[in-house]
Amino acid sequence: MHLARVLRAQPGQVFDVVANGFLHRAEIFSADEHEVVFTLHEELEADAALPVHLVMAVFKFDHMEWGIEKATELGAARITPVIARRTEKHLAQAAAKRVERWRRIVREAAQQSRRSDVPEVNDPVVLKAALGMVSAERKLLLAETEQENSLRAALETEVATVALAIGPEGGWTADEMVMFAENGWKNVTLGPRILRAETAAIAGLAVCAAML
Ligand code: SAH
83 MHLARVLRAQ PGQVFDVVAN GFLHRAEIFS ADEHEVVFTL HEELEADAAL PVHLVMAVFK
143 FDHMEWGIEK ATELGAARIT PVIARRTEKH LAQAAAKRVE RWRRIVREAA QQSRRSDVPE
203 VNDPVVLKAA LGMVSAERKL LLAETEQENS LRAALETEVA TVALAIGPEG GWTADEMVMF
263 AENGWKNVTL GPRILRAETA AIAGLAVCAA ML
């Protein structure tokens with residue numbers, strides 16, 4: 083067995099393992115080349131996901147995937163990729179297949195960051211469909227055009243669940259912004275500088291982590 087060969091597993095060694103969705107301290111009871119048997123000890127405090135649903139436009143895959151990985155480390159509960167008006171055509175076409183890779187990235191990032199759960203990554207959809215999938219209590223559109231309302235201020239009154247939307251490299255179009263507004267989303271800013279989409283996702287989650 084892999085563990086037995088790679089780690090020279092020996093009875094008595096202690097590991098942290100995820101079992102049935104919970105992080106446990108576990109001790110090797112017996113090990114041979116076919117089988118490693120663990121005794122599960124106490125459940126460890128594994129931080130539950132942040133109750134944040136990221137609605138993320140599809141943009142250049144290398145940047146986007148970096149953002150997805152970091153968002154997982156920061157605790158995002160769910161990621162819905164959106165084919166935005168300004169998502170480049172070839173990316174929009176490739177997105178449906180690419181989602182398998184995104185799911186692998188979140189699995190690995192969840193494991194690496196010792197999350198006891200793995201964020202859900204939805205199939206990529208157009209904005210209208212994505213808006214219908216959001217049930218969060220507070221829906222916040224990260225917008226570089228917003229000057230007044232900050233994300234921080236929007237989280238100051240208590241809230242249980244949050245959705246954050248991040249646009250593509252070219253930003254959301256005016257009609258997309260209208261669609262958000264009609265669905266109860268509020269524009270918020272992360273400050274006066276224009277951030278790359280993946281930076282906005284990370285900064286937005288960090289603010290949520292501090293405020294929720
Ligand atoms: N339209 C811009 C670039 C968009 S940046 C331009 O080219 O001028 C990509 C996404 O990051 C935006 O859609 C927005 O969701 C987010 N973003 C970037 N800077 C931001 C800021 N200062 N505050 C909030 N969101 C921001």
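All letters in the sequence shown, in the order written, are residues 83 to 294 by my numbering.
Cβ coordinates follow ideal geometry from the N, Cα and C atoms, glycine included.
Is Leu209 near Val164, with beta carbons less than 8 Å apart? By one-based count along the sequence shown, residue 209 stands at place 127. By one-based count along the sequence shown, residue 164 stands at place 82. Between Leu209 and Val164, the C-beta gap is smaller than 8 Å, which places the two residues in contact.
Lys221 classed as buried or exposed, judged by whether at least 16 other C-beta atoms fall within 10 angstroms: On the sequence shown, position 139 is the one that residue 221 refers to. Result: buried.
Starting from Ile165, follow its DSSP beta bridges and name the residues at the other end. As a first step, residue 165 is located in the sequence shown; it is residue number 83 there, counting from the start. Residue pairing of Ile165 in beta bridges, as defined by DSSP: Val208.
Give me, in chain order, the residues of the same chain whose beta-carbon lies closer than 6 Å to that of Thr271; leave out the 5 immediate sequence neighbours on both sides. Counted from its first residue, the sequence shown places residue 271 at position 189. Excluding residues up to 5 positions away in sequence, Glu228, Ser232 lie with their Cβ nearer than 6 Å to the Cβ of Thr271 in the same chain.
List, from N- to C-terminal side, the beta strand (DSSP E) runs of 3 residues or more that fit wholly inside the region 116-202. Counting whole runs of 3 or more residues, the region 116-202 contains the beta strand (DSSP E) stretches 118-125, 134-139, 160-165.
How do the region 170-177 and the region 139-153 stand: do at least 3 beta-carbon pairs fall below 8 Å, yes or no? Counting Cβ pairs under 8 Å, three or more are found: they touch.
Quick one, which of Cys290, Glu238, Val216 has its alpha-carbon nearest Asn265's? Numbered from 1 along the sequence shown, position 183 holds the residue referred to as residue 265. Comparing Cα-Cα distances from Asn265 to each of Cys290, Glu238, Val216, the minimum goes to Val216.
Between Gly286 and Ile248, how many whole angstroms is the CB-CB distance? I'm expecting something under 8 Å. Your numbering for residue 286 matches position 204 in the sequence shown. Your numbering for residue 248 matches position 166 in the sequence shown. About 7 Å separates the two Cβ atoms, so the contact holds.
Since Glu109 sits in a beta bridge, which residues does DSSP pair it with? Taking the first residue of the sequence shown as 1, we reach residue 109 at position 27. Answer by DSSP bridge pairing, in chain order: Val96, Thr121.
Please state the DSSP three-state secondary structure of Ala218. For the purposes of this step, residue 218 is identified with residue 136 of the sequence shown, where counting begins at 1. In the structure shown, Ala218 sits in coil (DSSP, three-state: anything other than H, G, I, E or B).
To the nearest whole angstrom, what separates the beta carbons of Val96 and Val244, a pair I think is in contact under 8 Å? Position 14 of the sequence shown, counted from the start, is the residue given in the question as residue 96. Position 162 of the sequence shown, counted from the start, is the residue given in the question as residue 244. The C-beta distance from Val96 to Val244 rounds to 37 Å, too long to meet the 8 Å contact threshold.
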